[in-house]
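Notes follow the structure.
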Amino acid sequence: MQDLPEIEGGSAPLLGTLTLIAMLAGTAAGLLLVPADALQGSVQRLMYVHVPAAWLAMLAFFVVFVMSVLYLVQRDPKWDLLAVSSAEIGVVFTALTLVLGSLWGKPTWGVWWTWDPRLTTTAIMLMIYVGYLVVRAFAEDPEKRARWAAIIGIVGFVDVPIVYLSVLWWRTLHQPPSSPRSMAGEFVYVLLLNVGAFTILYVYLMVRRYRIAVAEQHLDERRLVRDDPAAG
Amino acid sequence: MEGQASGTPFLIAGYLITWAVLVWYLWRLNRRSLQARRALDFAGATRPPIETQEPNDE
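So the sequences go chain by chain: L and X. Using this note's numbering, the first residue of the first sequence is number 3, and each one after it goes up by one. Using this note's numbering, the first residue of the second sequence is number 129, and each one after it goes up by one.
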């Protein structure tokens, strides 16, 4: 059984404050500081939330992959709890990425959605990790649940680099990855500020979600012992 | 310029949705955290072990 950490308190309030400041600074810079794009106008400012949200989702799924490998090697429940925490955050931000992309696509491409390789592979990525969470919800035995989830966490990660490379591999409507070479300096700084803010946000959400996962595991184990005293 | 102005509602919607998702997810984490805390308190899991509790003179 994991040691029971504080569910609230500890470093979380300080990290939460830092996250809020970083997110507010990123939003202010994206909306007010940086000039509008010459061709797309103000809607291009969606880049400062769309790209960081996509970055956060991919980071989260990479962490799921690493934690899943560690779980299968060491069978320590800690890795499984970190994996599920990261998967849930990744699903939330993948869905947000798709919504923001759709809002950006309508005024620039003229459509809310198209079966473009980048969009399609991202939707598949969302389905894979929703499946990961659904499988966990249906498996009652904690060890089987962790093992199946770890396998999905490893196999499912195959789609993540495909999502990233899809704009290079296929002819797509979606633009290639944004980089300092393809953007003016002030755009790059604001984008990096927002990527940094979303990365701090990810760490904060992970701390909060992992603590809940540990507490819920304690409760599950207590229920198992109560229902079947031989299991304790 | 007309095309640029027409994108503004999409921009506002995008930022509002982003912050709404953040607030919703934090609210959800807070609620789950509170539920877990209550359940653990009810189960006695968060109380210190008997031997580490302060002696009661009364």
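No residue lacks a Cβ here, since even glycine has one placed at the ideal position from N, Cα and C.
{"Asked": "Can you give me the C-alpha to C-alpha distance between Leu-84/L and Pro-137/X, rounded to a whole angstrom?", "Found": "38 Å"}
{"Asked": "Does any CB atom of chain L fall closer than 8 Å to the CB of Leu-144/X?", "Found": "no"}
{"Asked": "Quick one: give me the first and last residue of the alpha helix (DSSP H) that Glu-145/L is part of.", "Found": "144-157"}
{"Asked": "Assign Trp-81/L to buried or exposed, taking buried as 16 or more other Cβ atoms, counted over all protein chains shown, within 10 Å of its Cβ.", "Found": "buried"}
{"Asked": "Would you mind giving the Cβ-Cβ distance between Leu-157/X and Arg-138/L, rounded to the nearest angstrom? I have them listed as a contact below 8 Å.", "Found": "At roughly 17 Å, the Cβ-Cβ gap does not stay under 8 Å, so Leu-157/X and Arg-138/L are not in contact."}
{"Asked": "Looking only at DSSP bridge pairs, what is Gly-92/L linked to?", "Found": "None, per the DSSP bridge assignment."}
{"Asked": "Quick check: the region 19-30 of chain L against the region 194-208 of chain L, are there 3 or more CB pairs under 8 Å?", "Found": "yes"}
{"Asked": "Can you tell me which of Gly-133/L, Val-75/L, Gly-28/L, Gln-219/L puts its alpha carbon nearest to the alpha carbon of Ala-93/L?", "Found": "Just to set this straight, residue 93/L is Val in the shown sequence, not Ala. For Val-93/L, the nearest C-alpha among the options comes from Gly-133/L."}
{"Asked": "I'd like to know if Val-149/X contacts chain L, where contact means its C-beta is closer than 8 Å to some C-beta of that chain.", "Found": "yes"}
{"Asked": "Would you list the residues sitting across from Asp-39/L in a DSSP beta bridge?", "Found": "Gly-43/L"}
{"Asked": "8 Å is my cut-off, CB to CB: does Arg-160/X come that close to chain L?", "Found": "yes"}
{"Asked": "Buried or exposed: which applies to Ile-154/L, given that a residue is buried once 16 or more other Cβ atoms fall within 10 Å of its Cβ?", "Found": "buried"}
{"Asked": "State yes or no: is the C-beta of Ala-59/L within less than 8 Å of the C-beta of Thr-29/L?", "Found": "no"}
{"Asked": "Do Ile-91/L and Met-208/L have their C-beta atoms closer together than 8 Å?", "Found": "yes"}
{"Asked": "Roughly how far, in whole angstroms, is the beta-carbon of Trp-57/L from the beta-carbon of Phe-159/L, given that I think they are within contact range, below 8 Å?", "Found": "The Cβ separation is near 16 Å, so there is no contact."}
{"Asked": "When the Cα atoms are used, what is the spatial distance from Val-86/L to Met-69/L?", "Found": "9 Å"}
{"Asked": "List the residues of chain X whose Cβ lies closer than 9 Å to the Cβ of Ile-23/L, in chain order.", "Found": "None at all; the shortest Cβ gap to chain X is about 14 Å."}
{"Asked": "Below 8 Å, how does it come out for the region 139-153 of chain L and the region 97-107 of chain L: are there three or more Cβ pairs, yes or no?", "Found": "no"}
{"Asked": "Against chain X, with Cβ distances strictly below 8 Å, would His-176/L count as a contact?", "Found": "no"}
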